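Participant:
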Amino acid sequence: MEHTPEKQKQYFQFAYQTGSDIWTHLPYRYKAEQMLPPMERDALVLDIGAGRGLWAAKLVGLGYRVLGIDYVQAIVEKVNMRIKEDGYTDRARFIVGNALEIPFVDNGFDMVTDIGTFQHLKHKEWPQYVTEMYRVIKKNGYFLKVSLSRRTTRFLGWVPGSTTNGDFTKFGVHYHFFTEEEIHNTFGEHFDIIDQQFETYNSQSDPDDNVTLVFTLMQKKNASI
Ligand SMILES: C[S@@+](CC[C@H](N)C(=O)[O-])C[C@H]1O[C@@H](n2cnc3c(N)ncnc32)[C@H](O)[C@@H]1O
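Residues 443 to 667, numbered by my numbering, are exactly what the sequence shown covers, in order.
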């Protein structure tokens with residue numbers, strides 16, 4: 443199936459509707475938490491592509507305030523309802539929005555996190571994404587990005603390391619598997635990479651599949667874009 447942004451959005455919407463959002467169950471949160479930089483309690487974090495809001499809930503549990511954006515309206519509404527039931531609307535809120543046009547003012551966030559969203563953008567969208575991250579993060583603020591790594595040996599029957607560009611399309615969704623060099627080349631001009639780690643997970647649906655994620659913690663450079 444060919445990739446278009448609309449098909450991709452429908453895929454995510456459908457996955458949340460049917461409970462087939464397997465990414466939600468990858469146990470990445472322990473490693474991501476270990477890599478968090480020191481920040482004041484009450485620091486404001488923006489989570490891009492927040493999905494079911496489980497990472498945001500973890501951040502709230504650590505004492506931070508969280509705004510989440512996702513372009514699937516139905517999941518945003520569901521998560522806002524859940525946090526109302528759980529009684530922490532004063533600590534977290536979710537908003538419908540696009541990672542390429544973040545609906546918030548400049549320099550507003552102590553940290554931005556992106557767990558598994560950037561990997562679904564097309565190469566031509568990368569500069570706009572980097573500009574948006576740089577714009578919304580405060581001076582000396584942080585950016586934690588977790589993405590598919592080119593070190594993955596097999597994913598959905600596909601071998602990322604055997605390709606030159608790391609691109610892959612399945613069910614109308616674009617996936618990109620990153621090399622460390624690509625991350626450096628894409629973000630290095632505007633962010634210092636201060637930590638980078640990898641973790642590999644077995645697939646629950648196919649025992650031959652295993653996915654490696656690259657966790658990159660960056661800090662905003664001072665020079666303006
Ligand atoms: C692989 S899921 C990860 C969800 C969540 N971060 C997690 O770890 O469970 C990617 C998420 O990004 C959202 N998304 C994809 N492209 C987006 C875009 N351009 N703007 C906002 N959200 C987007 C999808 O709706 C989906 O919820």
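Ideal placement from N, C-alpha and C gives every residue a C-beta, glycine not left out.
A quick note: this is a predicted structure, and the numbers were derived from the prediction, not measured.
Would the beta-carbon of R535 be found less than 7 Å away from any heavy atom of ligand 1?
Facilitator: It does not: the Cβ of R535 is nowhere closer than 7 Å to a heavy atom of ligand 1.
Participant: Rounded to whole angstroms, how far is the Cβ of H632 from the Cβ of V578, which I believe are closer than 8 Å?
Facilitator: Not quite, the Cβ-Cβ distance comes to about 12 Å (not below 8 Å), so this is no contact.
Participant: Shorter than 7 Å, the distance from the beta carbon of W568 to the closest heavy atom of ligand 1, or not?
Facilitator: Checking the Cβ of W568 against ligand 1 gives no.
Participant: Once you ignore the five residues that flank D556 on each side, which residues in its own chain have a CB closer than 6 Å to its CB?
Facilitator: Excluding sequence neighbours, D556 sits near I490, K587.
Participant: Once you ignore the five residues that flank K449 on each side, which residues in its own chain have a CB closer than 6 Å to its CB?
Facilitator: G614.
Participant: For the region 581 to 601 against the region 533 to 553, are there 3 or more C-beta pairs whose distance is under 8 Å?
Facilitator: Yes, the region 581 to 601 touches the region 533 to 553.
Participant: For the region 464 to 498, which segments carrying the beta strand (DSSP E) assignment without a break, of at least 3 residues, lie completely within its bounds, in sequence order?
Facilitator: You should have 486 to 490.
Participant: Could you say if the region 533 to 550 and the region 502 to 513 meet the contact criterion of at least three C-beta pairs nearer than 8 Å?
Facilitator: Counting Cβ pairs under 8 Å, three or more are found: they touch.
Participant: Which of the three DSSP states is assigned to K668 in this structure?
Facilitator: Residue 668 lies beyond the residue range present for the chain, which begins at 443 and ends at 667; the question has no answer from this structure.
Participant: I511 by DSSP, collapsed to three states: which one?
Facilitator: I511: strand per DSSP, three-state reduction.
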